[in-house]
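J.: Quick one: the structure is below, questions incoming.
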Amino acid sequence: LLPVLNIRNPSPARLSFKLFSIRAIYCVIVIILLAFISYTALIHMITTLRADTFVQEGGIATATGGAMFYGNSLMGTILFFRLSPKWIGLQQEWRMMERFLNSCKYPPLKLRWKFTTITAMILIPAALEHILSIVKAVPTISELPGNDTNWRNYVRIYTDRSHAFTYTTVEYSTAMGIFYFIISKIATFTWNFTDLFIILVATGLAERYKHLNRVVLAGGTSDCSNLDWRGLREQYATLSSLVKHADNIVSPIILLSFTNNLYFICIQLLNGLSPKGHSLVMNIYFFGSFAFLIGRTVAVTLLTARINDQSKLALPAIYNCPASSFNHETERLQIQLTSDEVVMTGLKFFSITRNFMLAVGGAILTYEVVLLQFNVAMGK
Numbered sequence: 031l032l033p034v035l036n037i038r039n040p041s042p043a044r045l046s047f048k049l050f051s052i053r054a055i056y057c058v059i060v061i062i063l064l065a066f067i068s069y070t071a072l073i074h075m076i077t078t079l080r081a082d083t084f085v086q087e088g089g090i091a092t093a094t095g096g097a098m099f100y101g102n103s104l105m106g107t108i109l110f111f112r113l114s115p116k117w118i119g120l121q122q123e124w125r126m127m128e129r130f131l132n133s134c135k136y137p138p139l140k141l142r143w144k145f146t147t148i149t150a151m152i153l154i155p156a157a158l159e160h161i162l163s164i165v166k167a168v169p170t171i172s173e174l175p176g177n178d179t180n181w182r183n184y185v186r187i188y189t190d191r192s193h194a195f196t197y198t199t200v201e202y203s204t205a206m207g208i209f210y211f212i213i214s215k216i217a218t219f220t221w222n223f224t225d226l227f228i229i230l231v232a233t234g235l236a237e238r239y240k241h242l243n244r245v246v247l248a249g250g251t252s253d254c255s256n257l258d259w260r261g262l263r264e265q266y267a268t269l270s271s272l273v274k275h276a277d278n279i280v281s282p283i284i285l286l287s288f289t290n291n292l293y294f295i296c297i298q299l300l301n302g303l304s305p306k307g308h309s310l311v312m313n314i315y316f317f318g319s320f321a322f323l324i325g326r327t328v329a330v331t332l333l334t335a336r337i338n339d340q341s342k343l344a345l346p347a348i349y350n351c352p353a354s355s356f357n358h359e360t361e362r363l364q365i366q367l368t369s370d371e372v373v374m375t376g377l378k379f380f381s382i383t384r385n386f387m388l389a390v391g392g393a394i395l396t397y398e399v400v401l402l403q404f405n406v407a408m409g410k
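Numbering of the sequence shown is given in the working numbering, commencing with residue 31 and proceeding in unit increments.
Written out as structure tokens, the structure reads:
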């Protein structure tokens, strides 16, 4: 997804992006394949999305789900491909920031285990959720034609249940069924990696603020005279500049993530409120998938909002600084932290703070009420 070369090299100066590298070519191939299946899903949505779709059980999800799922994966892959050359510049600036802060003799910041833990907490449940989605789509022996356990029958029924929208444009074949099976795994990983990527970038920035805040808060317990206010102001300014640079190149991915998650939360909640008599596996999958989606969206929101929280955390220590230690540099830092809006955004359409969590919840409830009322009205 992010075809940057030399990623294991400890120096960002060695990072590079080559358009004709194996990784870049692979990424382009994935984009072409996702564009093809997104096209079939879009044609299906155009031909099936009618007024009576809203009164059918799962009609909206059936008509629009494929287009949204694969469209999101296509856009995500394109955005990560475009991000690659910009990512190198961001990493070099990030490294300069770390060297500048480390030159101030602060204790080193170690994030490897935190990043590993976050990655495991996202990808392991994602793998389990996807395995459940495969299990619910795989037929039992009694559902196979003539109880024939030939693997082609499994592929056929799996495709019928998971990718029936492609039949509007492309006739089924075993080769196409295998292709759909593989491309769905790539699309699922893209969806989860998008959220994970945002979380890791936000955590790295927020932890740097937290690390610097400890210095200010520790000095604020005394008379503040032992703090280098000019140095601290320059360090906070460096971090603020890095956050703004990161937001400029990551904000399209943030917008895509929230748009996609909001859609699927509304669709899954609508389907859950509709009466149905599915099997135990289907119910486990629905509630597990819905809980994971909600948890992941909350994690993206709150962990990204930590950047804004941490950027203001040093202000109480400055407010409590005695007049004898309050100088011009202290005042400049106070004004800087108060007036500088350090926050990640969704392409400048919205800023991710803790209050944004309430806005997302309100939007979900509003859309859900509208969809339910429309369902009832169309049913009458």
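Built from N, CA and C at the ideal position, the CB exists for glycine as well. If you're wondering where the values come from, they're calculated on a predicted model, not measured in any experiment.
#1: So E359 and R244 are supposed to be a Cβ contact under 8 Å. How far apart are they, rounded?
#2: In the DSSP output, what is S381 paired with across the bridge?
#3: Tell me L35's beta-bridge partners as DSSP assigns them.
#4: Excluding five sequence neighbours on each side, which residues of the same chain lie with their C-beta closer than 7 Å to the C-beta of P346?
#5: Where does S133 fall in DSSP's three states?
#6: Of the residues I297, A276, Y100, G119, which one's Cα is nearest the Cα of W221?
#7: Select from A97, L113, N291 the residue whose C-alpha is nearest the C-alpha of R326.
#8: Starting from K166, follow the alpha helix (DSSP H) in both directions and report where the run begins and ends.
#9: Count Cβ pairs between the segment 95 to 115 and the segment 32 to 49 that sit closer than 8 Å; are there 3 or more?
#10: Quick test of the definition: if touching needs 3 or more C-beta pairs under 8 Å, does the segment 326 to 337 touch the segment 226 to 235?
#11: For the segment 52 to 82, list the alpha helix (DSSP H) runs that are entirely contained and at least 4 residues long, ordered along the chain.
#12: Taking the alpha-carbon positions, what's the A91 to I297 distance?
#13: Compare the C-alpha of L242 against each of H160, N132, V200 and name the closest.
#14: Quick check: the Cα distance between I259 and L363, rounded to an integer number of angstroms?
#15: If I follow the unbroken alpha helix (DSSP H) through S368, where does it start and stop?
#16: Along the alpha helix (DSSP H) that carries A329, what are the first and last residues, could you check?
#17: Can you confirm whether the segment 205 to 224 touches the segment 178 to 194 when touching is taken to mean that 3 or more C-beta pairs between the two stretches lie within less than 8 Å?
#18: With 16 as the cutoff for other CB atoms within 10 Å, does E159 come out buried or exposed?
#19: Restricting to Cα atoms, I'd like to know which of Q366, T78, L299 is closest to F322.
#20: Distance check for A248 and F66, CA to CA, integer angstroms please.
#21: Assign E201 to one of three DSSP states: helix, strand, or coil.
#22: Within 10 Å of its beta-carbon, does S172 have 16 or more other beta-carbons around it, so buried, or fewer, so exposed?
T.: On the basis of the supplied data:
#1: Sequence index remark: in the sequence shown, residue 359 carries index 329 (1-based). Sequence index remark: in the sequence shown, residue 244 carries index 214 (1-based). The Cβ separation is near 19 Å, so there is no contact.
#2: Your numbering for residue 381 matches position 351 in the sequence shown. DSSP output for S381 lists T375 as bridge partner(s).
#3: Within the sequence shown, residue 35 is the residue found at index 5, counting from 1. S46.
#4: For the purposes of this step, residue 346 is identified with residue 316 of the sequence shown, where counting begins at 1. The answer is none, since no qualifying residue turns up.
#5: Here the question's residue 133 lines up with position 103 in the sequence shown. Correct three-state label for S133: coil.
#6: Counting from 1 along the sequence shown, the entry for residue 221 is found at position 191. It is Y100 whose Cα lies nearest to the Cα of W221.
#7: Walking along the sequence shown from the start, residue 326 turns up at place 296. Closest by alpha carbon: N291.
#8: Translated into the one-based positions of the sequence shown, residue 166 becomes position 136. Note, K166: alpha helix (DSSP H), 142 to 167.
#9: yes
#10: yes
#11: 52 to 78
#12: On the sequence shown, residue 91 is found 61 positions in, with the first residue counted as 1. On the sequence shown, residue 297 is found 267 positions in, with the first residue counted as 1. Answer to the nearest angstrom: the Cα atoms are 6 Å apart.
#13: Your numbering for residue 242 matches position 212 in the sequence shown. Selected option, being the one with the closest Cα: N132.
#14: As a first step, residue 259 is located in the sequence shown; it is residue number 229 there, counting from the start. As a first step, residue 363 is located in the sequence shown; it is residue number 333 there, counting from the start. Sequence check: residue 259 is Trp here, not Ile. Cα to Cα, W259 sits roughly 7 Å from L363.
#15: Residue mapping note: residue 368 aligns to position 338 of the sequence shown, counting from 1. The sequence shown places Thr at residue 368, rather than the Ser named in the question. T368 -> alpha helix (DSSP H) spans 358 to 369.
#16: For this step, residue 329 is matched to residue 299 along the sequence shown. From DSSP, the alpha helix (DSSP H) with A329 extends over 310 to 341.
#17: yes
#18: In the sequence shown, residue 159 corresponds to position 129, counting from 1. The residue is buried, with at least 16 neighbouring Cβ atoms inside 10 Å.
#19: Numbered from its first residue, the sequence shown carries residue 322 at position 292. Of the listed residues, the one whose Cα sits closest to F322 is L299.
#20: In the sequence shown, counting from the first residue as 1, residue 66 sits at position 36. In the sequence shown, counting from the first residue as 1, residue 248 sits at position 218. Their backbone Cα atoms lie some 57 Å apart in a straight line.
#21: Position 171 of the sequence shown, counted from the first residue, corresponds to residue 201. The answer is coil: DSSP assigns E201 none of H, G, I, E or B.
#22: Here residue 172 refers to the residue found at position 142 when the sequence shown is read from its first residue. It counts as exposed.
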